[in-house]
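Presented below is the structure to which this report refers.
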Amino acid sequence: MSNRGKFTVVVTDYDYPDLDIERRIITEAGGTLIPAQCRSEEEVIQKAKDAHGLLTQYAPISRKVIEALSQCRVIARYGIGVDNIDISAATQRKIVVVNVPSYCEEEVASHTLALILACVRKIFLFNQAIRKGNWDWKLGRPIVRLSEQKLGLIAFGKIAKMVARKARAFGFSLMGFDPYVSDEEFAAEGVRKVDLDYLLKNSDIICVHAPLTQETRHMLGREEFKKMKSSSFLVNTSRGAVVDEKALYEALRGGQIAGAALDVLEEEPPGKDSPLLKLDNVIFTPHVAWYSESSLKELRAKAATDLVRVLEGKTPQGFVNRKMINES
């Protein structure tokens with residue numbers, strides 16, 4: 001494998017129409033790109049065991065996979081999250097893990113606002129009713145005035161800040177929860193910093209922007225939904241497992257909250273027997289909040305470029321395990 005060029009890069013899996021962007025960047029650096037469509041650990045090992053670098057989208061890059069990689073120096077993930085990569089195992093092997101932390105803030109923020117508006121203005125309810133021959137504005141009652149609503153943001157990173165800026169134009173009152181962000185940083189964006197309990201009890205719309213970690217997994221469950229207003233909506237464009245879907249289903253079915261809009265789920269795509277699919281007060285989109293043609297091109301170029309940086313002995317921009325490697 002390594003004789004094909006200065007280095008070999010395996011794309012473990014992808015759902016793009018081609019790999020022209022990646023191939024150009026890697027070839028110009030003297031490398032060879034090998035495409036694959038791996039779904040299992042065994043398939044990744046078979047295709048990538050001798051590769052110097054991996055570009056990965058959804059394939060499982062587990063400890064078993066990483067320990068089978070004989071020459072790998074870098075694993076680059078298409079996206080912000082690195083849920084499919086065993087970071088600890090990679091660090092132990094001194095393999096750099098790279099992500100793309102900045103490429104789709106505008107898209108996710110805009111999609112979040114679109115979901116908020118769809119919930120509050122009952123867009124899908126009206127659309128379905130009209131298709132069935134029911135032309136009646138009263139079906140959507142009650143619909144509230146946006147400028148009278150309180151929007152709560154869980155986590156306050158780049159995307160949440162952009163959501164806040166866009167939401168302010170609609171007149172929302174803004175509050176946010178993030179223990180890792182200072183009061184001054186919240187204030188600079190015109191957002192009131194509150195604790196999670198206050199946010200849950202007082203928000204009319206709650207938007208989830210938290211990354212998936214051990215700390216945030218199922219951070220919204222039965223007890224949290226009990227605290228929310230019965231008229232409130234939940235919007236999640238971050239990671240599905242931040243929300244306990246069983247508890248969410250119970251809250252939606254029992255009227256503890258009014259509705260939800262979900263771009264992300266614990267299982268993607270959801271199984272046909274997912275109880276959430278049976279509810280009329282849930283809006284789904286297929287993990288598409290990140291996407292525009294511009295963001296897609298930027299994502300692919302940045303992932304490939306950062307991977308090449310590592311293979312050329314340079315420091316990548318999206319260095320996920322920098323601290324862990326330095327300390328190991």
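The sequence shown begins at 1 in the UniProt record's numbering and counts up one residue at a time.
By construction, the Cβ of each residue, glycine as well, lies at the ideal position given by its N, Cα and C atoms.
Contacts around residue i, its chain only, beta-carbon distance under 8 Å, and the 5 residues preceding and following it disregarded
i, result
"residue 70", "49, 50"
"residue 233", "116, 119, 120, 204, 205, 206, 257, 258, 259, 260, 261"
"residue 175", "150, 151, 152, 153, 191, 192, 193, 194, 198, 199, 202, 203"
Same chain, Cβ closer than 6 Å to residue i, neighbours up to 5 away in sequence not counted
i, result
"residue 238", "208, 209, 210"
"residue 17", "none"
Below-8 Å beta-carbon distance, residue i vs any chain B residue
i, result
"residue 129", "Absence of chain B from the displayed structure is noted, only one protein chain being present."
Selection from the options that minimises the alpha carbon distance to residue i
i, options, result
"residue 57", "311, 77, 302, 327", "77"
"residue 212", "241, 143, 54, 318", "241"
"residue 14", "311, 110, 300, 309", "300"
"residue 6", "285, 22, 33", "33"
"residue 24", "302, 318, 313, 317", "302"
"residue 190", "202, 197, 171, 206", "171"
"residue 52", "68, 141, 136", "68"
"residue 42", "63, 27, 31", "63"
"residue 146", "236, 280, 173, 102", "173"
"residue 157", "140, 101, 306", "101"
"residue 90", "103, 79, 72, 81", "72"
"residue 169", "134, 80, 110", "110"
"residue 83", "217, 292, 272", "217"
"residue 197", "154, 141, 140, 292", "154"
"residue 235", "186, 163, 39", "163"
Under 8 Å between C-beta atoms of residue i and residue j
i, j, result
"residue 229", "residue 204", "yes"
"residue 11", "residue 29", "no"
"residue 74", "residue 310", "yes"
"residue 244", "residue 265", "no"
"residue 65", "residue 325", "no"
"residue 86", "residue 61", "yes"
"residue 167", "residue 200", "no"
"residue 282", "residue 263", "no"
"residue 361", "residue 121", "The structure shown does not extend to residue 361, since the chain is modelled only from 1 through 328, so no value can be given for it."
"residue 304", "residue 54", "no"
"residue 107", "residue 290", "yes"
"residue 105", "residue 159", "yes"
"residue 308", "residue 80", "no"
Beta-carbon proximity list for residue i, same chain, < 7 Å, skipping 5 on both sides
i, result
"residue 322", "none"
"residue 226", "256"
"residue 247", "221, 222, 225"
"residue 284", "262"
"residue 306", "76, 98, 316, 317, 318"
Residue i beta carbon near the ligand ZN (any heavy atom closer than 7 Å)
i, result
"residue 305", "Ligands in the displayed structure: none, and consequently the ligand ZN is not present."
So, does the region 145–152 touch the region 288–299, judging by three or more C-beta pairs under 8 Å? Proximity of the region 145–152 to the region 288–299 falls short of the contact definition, fewer than three beta-carbon pairs being nearer than 8 Å.
At least 3 beta-carbon pairs within less than 8 Å: the region 275–284 vs the region 246–261: Short answer: they touch.
May I have a chain-ordered list of the beta strand (DSSP E) segments no shorter than 3 residues that lie completely inside the region 254–322? 259–262, 282–284, all fully within the region 254–322.
Going residue by residue through the region 10–74, where are the continuous beta strand (DSSP E) segments of at least 3 residues, counting only ones entirely within it? Complete beta strand (DSSP E) runs here, min 3: 31–35, 53–56.
Taking 8 Å as the cut-off, does the region 125–139 touch the region 178–185 (at least 3 CB pairs, one atom from each stretch)? Segments in contact, no.
Entirely within the region 75–122 and at least 4 residues each: give me those alpha helix (DSSP H) ranges in chain order. Runs of the alpha helix (DSSP H) inside the region 75–122: 87–92, 105–120.
Taking the runs of the alpha helix (DSSP H) that are 4 residues or longer, which of them lie wholly in the region 165–221? Within the region 165–221, the complete alpha helix (DSSP H) segments of 4 residues or longer fall at 183–188, 196–202, listed in chain order.
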